[in-house]
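> Those letters in the sequence shown? Residues 1 to 227, per full-length UniProt numbering, in order.
Next up is a structure, given as structure tokens.
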Amino acid sequence: MRSRLRSLAADGLGCLVTGHVPTERYREETRKLFGAPDNPRLRTVLLTCPPAAPDGWFPGELGADHPAHEVVTLPNVARGRAATATPGGPAEPSRLDDGSVDRDRIEAAILDAVRSVERRRPGVSGPLTFRFGLHRWDVFDHDVPDAPEVLDTVLGAVHDRRGLSHVHYPRQIERGRSPLDDPVVSQLYHGSDELDVVVELRVDGETGETQQRWRVPGRRLTGWSTL
């Protein structure tokens with residue numbers, strides 16, 4: 001598994017993170033995927049469901065005001081109401097404003113967030129130096145035409161910079177099933193040229209710890225491991 005991930009990571013890595021867990025568990029996974037705080041990384045998090053505490057997305061004591069970090073929100077995308085949380089489950093996303101959302105505007109806004117890394121550090125290079133997280137993609141499902149194609153464009157832009165992208169798509173996966181048994185996750189996975197890995201999250205019922213398992217092309221679904 002590690003050797004396969006290393007070979008994929010040489011040209012960047014696109015991850016879809018799924019699972020029916022609270023937002024804080026997605027923050028925890030983001031901190032993990034953003035890398036250790038003492039590693040030189042350029043980190044961008046794009047939030048489609050503000051308000052959210054931006055510092056909670058970054059590793060260690062590093063906050064959103066760190067010069068290598070950027071927080072981007074799409075304030076005109078989600079409706080004004082705050083996302084609501086269900087007990088033990090993820091926050092429900094705000095729906096997009098009816099009639100005011102178009103693919104080109106959304107795509108341009110997200111791509112601008114990706115390209116901003118070059119304004120902070122021109123000529124950024126090195127595999128996985130750039131880390132890009134997006135929380136959360138499911139707000140686009142019903143309102144943005146061709147949302148899977150937009151996702152591919154976004155992942156491709158991060159790949160072009162040899163970066164690691166992780167896009168959060170909360171879904172409830174039935175116990176004992178693979179995340180690819182979910183029709184939407186399967187469609188995104190098999191229909192994407194840029195998506196490399198599906199990461200599923202869950203909360204262990206006994207310990208309360210966040211656990212993950214990975215689906216990597218050419219490999220079976222891994223077992224559960226603690227973050």
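All C-beta atoms, glycine included, are put in the ideal place defined by N, C-alpha and C.
1) Curious, which full-length alpha helix (DSSP H) runs of at least 4 residues does the stretch 109-138 contain?
2) Classify V21 as helix, strand or coil using the three-state DSSP reduction.
3) Kindly indicate which three-state DSSP category H69 falls into: helix, strand or coil?
4) Helix, strand or coil: which one does DSSP assign to V150?
5) May I ask which residues mark the beginning and end of the alpha helix (DSSP H) holding L188?
6) If I measure Cβ to Cβ from S192 and keep anything under 6 angstroms in the same chain, skipping five residues before and after, which residues do I get?
7) How would you label Q187, buried or exposed, when you count the other beta carbons within 10 angstroms and need 16 or more for buried?
8) For L62, which of helix, strand or coil comes out of DSSP?
9) Would you kindly work out how many angstroms separate the C-alpha atoms of L221 and L164, rounded to a whole number?
10) Within its chain, find whatever has a CB closer than 8 angstroms to the CB of D11; leave out the 5 residues flanking it on each side and keep chain order.
11) Under three-state DSSP, which class holds L180?
12) Shortest alpha-carbon distance to P59 belongs to which of L180, E206, R27 and V72?
13) Which value, in whole angstroms, describes the spacing of the CA atoms of V45 and D138?
14) State the Cα-Cα distance for the pair R213 and V199, rounded to the nearest angstrom.
15) State the DSSP-derived secondary structure class of W214, mapped to helix, strand or coil.
In terms of the structure at hand:
1) none
2) Taking the first residue of the sequence shown as position 1, residue 21 is located at position 21. Here V21 sits in coil by DSSP.
3) To locate residue 69, count along the sequence shown from 1; it is residue 69. The answer is strand: DSSP assigns H69 an E or B state.
4) As a first step, residue 150 is located in the sequence shown; it is residue number 150 there, counting from the start. V150 falls in the helix class under three-state DSSP.
5) The sequence position of residue 188 within the sequence shown is 188, counting from 1. Unbroken alpha helix (DSSP H) run through L188: P183 to G191.
6) Against the sequence shown, residue 192 aligns to sequence position 192. D152.
7) Translated into the one-based positions of the sequence shown, residue 187 becomes position 187. Q187 is exposed by the Cβ-count criterion.
8) In the sequence shown, the residue the question calls residue 62 occupies position 62. Coil, per DSSP.
9) In the sequence shown, counting from the first residue as 1, residue 221 sits at position 221. In the sequence shown, counting from the first residue as 1, residue 164 sits at position 164. Roughly 20 angstroms separates the two Cα atoms.
10) Against the sequence shown, residue 11 aligns to sequence position 11. Contacts found: P127, H159 and R162.
11) As a working mapping, residue 180 is identified with position 180 in the sequence shown. In this structure, L180 counts as helix in the three-state DSSP scheme.
12) In the sequence shown, residue 59 corresponds to position 59, counting from 1. That would be R27, whose Cα lies nearest to the Cα of P59.
13) Taking the first residue of the sequence shown as 1, we reach residue 45 at position 45. Taking the first residue of the sequence shown as 1, we reach residue 138 at position 138. So the two alpha carbons sit approximately 16 angstroms from each other.
14) Reading the sequence shown from its first residue, position 213 is the one you call residue 213. Reading the sequence shown from its first residue, position 199 is the one you call residue 199. Approximately 6 angstroms between the Cα atoms of the pair.
15) Counted from its first residue, the sequence shown places residue 214 at position 214. Of the three classes helix, strand and coil, the one that applies to W214 here is strand, per DSSP.
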